[in-house]
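Structure first, then comments.
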Amino acid sequence: MTAAAPRLEPGRVYRTRELAMWSADAPRLARQLVDEGALVPLAHGLFAHPRPSRFGPVPPRDEEIMRAFLDGGPFVFTGPERWNALGLGTTAVFALPLVYNTKRSGTFTFGNRRFVLRRVGFPESPPAEWFVVDLFQHADQAAASPGDLAMSLERALAQGRFDRDRLLEQARRYGSRQAQALIAGALAASAQ
131 MTAAAPRLEP GRVYRTRELA MWSADAPRLA RQLVDEGALV PLAHGLFAHP RPSRFGPVPP
191 RDEEIMRAFL DGGPFVFTGP ERWNALGLGT TAVFALPLVY NTKRSGTFTF GNRRFVLRRV
251 GFPESPPAEW FVVDLFQHAD QAAASPGDLA MSLERALAQG RFDRDRLLEQ ARRYGSRQAQ
311 ALIAGALAAS AQ
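Residue 131 is where the sequence shown starts when you use the working numbering, and the numbers rise one by one after that.
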């Protein structure tokens with residue numbers, strides 16, 4: 131090990147250049163730490179320092195992988211897990227997590243995990259109403275009929291489950307014309 135032994139945080143994902151604080155030759159240090167078992171390679175230039183557990187090393191959290199891969203840029207996990215939780219009748223399942231971000235698009239593999247990344251606009255801290263708009267945008271991927279979703283949203287709005295003004299604002303800002311029309315129709319019908 132070099133004179134300045136790295137103080138790696140368990141569960142953290144590192145970029146090669148982050149190792150430069152401990153060595154003038156960061157790639158060589160990364161290879162050495164991989165050989166010693168302190169780091170696990172996830173992708174070119176990305177390494178995880180796994181947390182130990184009694185069952186073996188624990189892989190890094192998906193959010194930690196995205197933080198390192200996107201170099202601290204904003205991102206949000208979306209897709210069926212979030213859409214189904216809205217209670218609008220969807221029960222879709224994706225094999226890969228869907229991540230919106232401002233830097234990259236494509237399917238990426240990190241260790242044994244794969245992610246679908248899309249460069250699209252999204253709020254910094256997405257409210258539930260944004261996920262409703264996102265669901266309407268991807269109704270086909272959620273195996274849902276836009277008309278059925280609109281009826282489910284109408285019932286949810288009548289029950290007060292979503293903030294009406296925030297939903298309208300999120301639809302105007304992030305929704306397609308079709309999504310905006312469906313959401314506006316559900317808002318109008320639930321107000322009667």
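By construction, the Cβ of each residue, glycine as well, lies at the ideal position given by its N, Cα and C atoms.
In the displayed model, Thr146 falls within a helix according to three-state DSSP.
Contact between the stretch 276-283 and the stretch 229-248 is absent, with fewer than three C-beta pairs closer than 8 Å. If you look at Pro257, you'll find it isn't in any beta strand (DSSP E); DSSP assigns it neither H nor E. By the Cβ test, the stretch 188-199 is not in contact with the stretch 155-163, since fewer than three Cβ pairs between them sit closer than 8 Å. The continuous beta strand (DSSP E) containing Phe177 extends over residues Leu176 to His179. Residue pairing by DSSP places Ala309 in no beta bridge whatsoever. Boundaries for Leu172: no alpha helix (DSSP H) harbours it, while the beta strand (DSSP E) harbouring it runs Val170 to Ala173, taken from the DSSP string. Secondary structure of Gly241 (DSSP, three-state): coil. The three-state secondary structure of Gly203, taken from DSSP, is coil. In this structure, DSSP gives Leu247 an extended state, which the three-state scheme calls strand.
Rounded to the nearest angstrom, the Cβ distance from Asp293 to Thr208 is 19 Å, too far for a contact under 8 Å. A Cβ-Cβ contact shorter than 8 Å links Leu283 with Ala316. For the pair Gly241 and Gly186, the Cα-to-Cα distance works out to about 16 Å. Ranked by Cα distance from Met151, the first of Val143, Arg142 and Arg137 is Arg137.
Separation of the CB atoms of Phe261 and Arg212 is rounded to 5 Å, and the pair is thereby assigned contact status at 8 Å. Residue range Leu228 to Asn231 is occupied by the beta strand (DSSP E) that includes Val229.
Three or more pairs of CB atoms, one per stretch, sit closer than 8 Å, so the stretch 266-274 contacts the stretch 300-312.
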